[in-house]
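Below is one structure, written out as structure tokens, with a few remarks after it.
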Ligand code: SF4
């Protein structure tokens, strides 16, 4: 079953903010990686403007997806690979299950992949009696803990060394230690046996190139290469937007991806896969399947306001600088995608009303766009989602948030559209608030729905005369 807990965003966020370990982990992670990513953009031989070029490339690819996907599929077919276009999460999972049943697959090893989180892959395969083992160290940790990733690239960022030490002692039966090399060795030993016994390897796809007909997988642990070359069958899952036109464009995006994801010039292990192993290759799978997933992306593609979101290459750079993600972590977002990318993509995939708090929870500070290797204008799309929530929208089946809120803001717009009216409103406000300020002149609780403004901070009381009036008096 696909995890969608977006309705619990506010409650989960409150809990996360009380978790001192999480606060420490997020703050240290963001301080380390956020500035490092910005520095790597500066050091690009083409300069940070390469991000703008990459944005244009991605937009061109998105606008020509139909052609590019066909070329990609044709090239993969030519090398003996099979390509399946899945309209929904269920179709994608069912196709993989069918391949697994055909080959009597009992054990799967899997590389980290957000799109498989999106479609509930592990849950579905495990329910069908197949063992699925995550092989990325962070994913392996959270799988043992029966949790979901809290970051796109660093899924176990919320866990301390001690947490992992206790988890490994409990699940792997090793003596308790919080020494990272010892814990890594223990995971390596346990995973090595899984690699050797697997009948099928599953991966995501970081990018795909139509011109050459290959997908690229990237990791820093080598686990994806092991997962996709040791077992006899490799099934790769890919969101349909991840294709680029040419090898030249692929390489530019690929360099930006490594910088955005981990402030690296290049990831440790990069694999180009375009089909099953050929007769002159000593290793590699006998079968290669690529599942290209729509699952709501066509709808995003059809809307010019949100199409830009399909440029995303899921690097997580926006999470690493987002002040909201930095406080609440990834679980509060209640779906596979967290942070600014999740605040836009999740409502578009699971329903704007259902995930309304995600886009309303962001600060619109713009740090996400500055950090994004493809310069996606996330704040613009957050505002567009909020506008739909304020006004309702038939195309996206959005029910208006609140009529009272709409009327209140229309009234406010009317008030501030004329200076004299605004001044009179302030005078009324001054009279109405007379009993509200405390001894320090601050208001700590506004009445009725306005209380939201003072729930977590005090505000200054309205002055008797506006600054403009006082300035005029002073001048005269
Ligand atoms: S929106 Fe940009 S920064 Fe965020 S995950 Fe996507 S590509 Fe990376």
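In our numbering, the protein residues as written are 353 to 828. Ideal Cβ placement from N, Cα and C applies to all residues, glycine included. Predicted model, so just to flag it, every value in this text is computed and none were measured.
9 Å Cβ cutoff met for residue 559 and residue 428
In this structure, residue 428 does not lie closer than 9 Å to residue 559 by Cβ.
Counting only runs of 3+ residues fully inside the stretch 602-669, write out the beta strand (DSSP E) ranges in chain order.
The beta strand (DSSP E) runs lying completely inside the stretch 602-669 and spanning 3 residues or more are 621-625, 639-645, given in chain order.
What's the gap between the Cα of residue 647 and the Cα of residue 441?
For residue 647 and residue 441, the distance between alpha carbons rounds to 6 Å.
Among the residues of its own chain, which have a CB less than 7 Å from the CB of residue 721, if the five just before and after it don't count?
Cβ within range, chain order: 727, 728, 729, 730, 731.
Quick one, which of 683, 818, 812 has its alpha-carbon nearest residue 363's?
Closest option to residue 363, Cα to Cα, is 683.
Measure the C-alpha to C-alpha separation of residue 583 and residue 445 and round it to an integer number of angstroms.
Annotation: residue 583 to residue 445 spans about 19 Å, alpha carbon to alpha carbon.
I need the DSSP call for residue 398, collapsed to helix, strand or coil.
DSSP, reduced to helix, strand and coil, places residue 398 outside both helices and strands of the structure shown, so it counts as coil.
State the DSSP-derived secondary structure class of residue 529, mapped to helix, strand or coil.
Secondary structure of residue 529 (DSSP, three-state): coil.
Under 9 Å between C-beta atoms of residue 511 and residue 494
Between residue 511 and residue 494, the CB-CB gap stays under 9 Å.
Could you tell me which uninterrupted alpha helix (DSSP H) segments, each at least 4 residues in length, are contained entirely in the stretch 740-802, listed from first to last along the chain?
Those alpha helix (DSSP H) runs which fall completely within the stretch 740-802 and span 4+ residues are 755-768, 771-784.
Quick one: using the 10 Å Cβ neighbour count with 16 as the cut-off for buried, is residue 536 buried or exposed?
Counting Cβ neighbours within 10 Å, residue 536 comes out exposed, since fewer than 16 surround it.
Are residue 556 and residue 405 close, meaning C-beta to C-beta below 9 Å?
No. Outside cutoff.
Which residue or residues does DSSP assign as beta-bridge partners of residue 559?
DSSP output for residue 559 lists 568 as bridge partner(s).
Who are residue 587's beta bridge partners in DSSP?
Paired residue(s): 554, 641.
Between the Cα of residue 393 and those of 417, 605, 787, 775, spot the shortest distance and give me the residue it belongs to.
Per the Cα distances, 605.
Quick one: measure Cβ to Cβ for residue 758 and residue 748, integer angstroms, because I've assumed they're closer than 8 Å.
About 17 Å separates the two Cβ atoms, so there is no contact after all.
Reference residue 389; option with closest CA among 439, 737, 612, 826
Nearest option by C-alpha distance: 612.
Measure the Cβ-Cβ separation of residue 478 and residue 459 and say whether it is below 9 Å.
No, these two residues do not count as a Cβ contact at 9 Å.
Less than 9 Å between the C-beta atoms of residue 640 and residue 576, yes or no?
The Cβ atoms of residue 640 and residue 576 do not sit closer than 9 Å to each other.
Three-pair Cβ contact test at 8 Å for the stretch 631-638 versus the stretch 685-695
Result no; under three Cβ-Cβ pairs closer than 8 Å.
Below 8 Å on the Cβ atoms is my guess for residue 744 versus residue 752; work out the distance and round it to an integer in Å.
About 4 Å separates the two Cβ atoms, so the contact holds.
Thinking just about the alpha-carbon of each residue, which of 520, 518, 497, 490 is nearest to the one in residue 509?
Residue 490 is the option with its Cα nearest to residue 509.
Pairs of beta-carbons, one from the stretch 613-620 and one from the stretch 565-572, closer than 8 Å: are there three or more?
When C-beta atoms of the stretch 613-620 are compared with those of the stretch 565-572, three or more pairs fall below 8 Å, so the two segments count as touching.
Could you tell me whether any non-hydrogen atom of the ligand SF4 is closer than 8 Å to the CB of residue 675?
Every heavy atom of the ligand SF4 is 8 Å or more from the Cβ of residue 675, so no.
Any chance the CB of residue 703 is under 8 Å from a heavy atom of the ligand SF4?
False, no ligand heavy atom lies under 8 Å from that Cβ.
Through-space distance from residue 379 to residue 615, alpha-carbon basis
Their Cα atoms are separated by approximately 17 Å.
What's the call for residue 630, buried or exposed, on a 16-neighbour Cβ count within 10 Å?
It counts as exposed.
Distance between residue 449 and residue 830 (C-alpha atoms, nearest Å):
Here the chain has residues from 353 to 828 only, and residue 830 is not among them.
Whose C-alpha, out of 545, 516, 543, 523, is nearest the C-alpha of residue 531?
Here the closest residue by C-alpha is 516.
Might you give, ordered along the chain, the residues of its own chain that have their beta carbon closer than 6 Å to the beta carbon of residue 437, omitting 5 neighbours on each side?
For residue 437, same chain residues with a beta-carbon under 6 Å away, outside a window of 5 residues either side, are 644 in chain order.
Span separating the alpha-carbon of residue 724 from that of residue 469
Rounded to whole angstroms, residue 724 to residue 469 spans 22 Å at the Cα level.
Taking 9 Å as the threshold (C-beta atoms), are residue 686 and residue 671 in contact?
Not in contact: residue 671 and residue 686 (Cβ atoms no closer than 9 Å).
Looking at residue 666: is its Cβ nearer than 9 Å to the Cβ of residue 504?
Contact flag set, yes.
Assumed close pair residue 538, residue 524 - CB separation to whole angstroms, cut-off 8 Å:
Contact between residue 538 and residue 524 holds, since their C-beta atoms are separated by about 6 Å, short of 8 Å.
Given a cut-off of 9 Å on the beta-carbon distance, is the pair residue 588 and residue 562 in contact?
Their beta carbons are not under 9 Å apart, which means residue 588 does not touch residue 562 by this criterion.
Nearest to residue 501 (by Cα), restricted to the options 520, 466, 514, 533:
Looking from the CA of residue 501, the closest CA among 520, 466, 514, 533 belongs to 466.
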